[in-house]
Amino acid sequence: MTPEQFIDAALWFPEATESEPFGPGALVYKVSGQKLFALLLGGSGDGPATVNLKCDPELALELRHQFPAVTPGYHMNKRHWNSVLLDGTVPDDEVLEMLRHSYVLVARSLRRADRDRVLAVLGEDAPELGTAPART
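Numbering (the working numbering), first residue to last: 140 to 275.
#1: Run through the DSSP bridge pairs and tell me what Glu157 is partnered with.
#2: Is the beta carbon of Leu244 closer than 8 angstroms to that of Gln173?
#3: Give me the Cα-Cα distance between Phe152 and Asp253, rounded to the nearest whole angstrom.
#4: Could you tell me which uninterrupted alpha helix (DSSP H) segments, each at least 4 residues in length, are contained entirely in the stretch 188-222, listed from first to last along the chain?
#5: Reducing DSSP to helix, strand and coil, say where Phe176 ends up.
#6: Apart from the five residues on each side of it in sequence, which residues of its chain come closer than 7 angstroms, Cβ to Cβ, to Val170?
#7: In three-state DSSP terms, what is Leu224?
#8: Using 8 angstroms as the threshold, is the C-beta distance between Met237 and Cys194 below it?
#9: Taking its Cβ as the centre, do 16 or more other Cβ atoms sit within 10 Å of Ser158, making it buried, or is it exposed?
#10: To the nearest angstrom, report how far apart Ala165 and Leu150 are at their CA atoms.
#11: Among Leu180, Phe161, Pro160, Leu261, which one has its Cα closest to the Cα of Pro142?
#12: What's the C-alpha gap between Tyr168 and Leu178?
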């Protein structure tokens, strides 16, 4: 998955916002502008990009054992976050599932009105590569 494909997929989610609070080169994706569900680092000529995604602790361990490109979250709580190297070794559908899992975990921690709204809009859908709306 390319960084551009990841960006399109992250922005596909209801009320997903993108910002650069840490400066250029670190794209932050939040649910309803409130809570971080993904952090995209690098990928601009200095090697493959890495994305940090929230994850259930047990699943995080399973994913780390299954994929060498999945490691404990860089600069994050290592129990609840994974870093995924976007070098092509993790299948795109797996990265999309990890992204959806992260979004849902974070959305569930929003205040009730926001949580119910974004999860109702999301339903069971998931982004597909190449079908996300174009960035503006």
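For glycine and all other residues, C-beta sits at the position ideal for the given N, C-alpha and C.
Concretely, from the data shown:
#1: In DSSP, Glu157 forms a bridge with Tyr168.
#2: no
#3: Going from the Cα of Phe152 to the Cα of Asp253 covers about 14 angstroms.
#4: 196-205
#5: DSSP places Phe176 in strand when its eight states are reduced to three.
#6: Glu154, Ala155, Phe176, Tyr242, Val245, Ala246, Leu249, Val257
#7: In the three-state reduction of the DSSP assignment, Leu224 falls in the strand class, which pools E and B.
#8: Their beta carbons are under 8 angstroms apart, which means Met237 touches Cys194 by this criterion.
#9: With fewer than 16 other Cβ atoms from the protein chains shown falling within 10 Å of its own Cβ, Ser158 counts as exposed.
#10: Their backbone Cα atoms lie some 15 angstroms apart in a straight line.
#11: Leu180
#12: 6 angstroms
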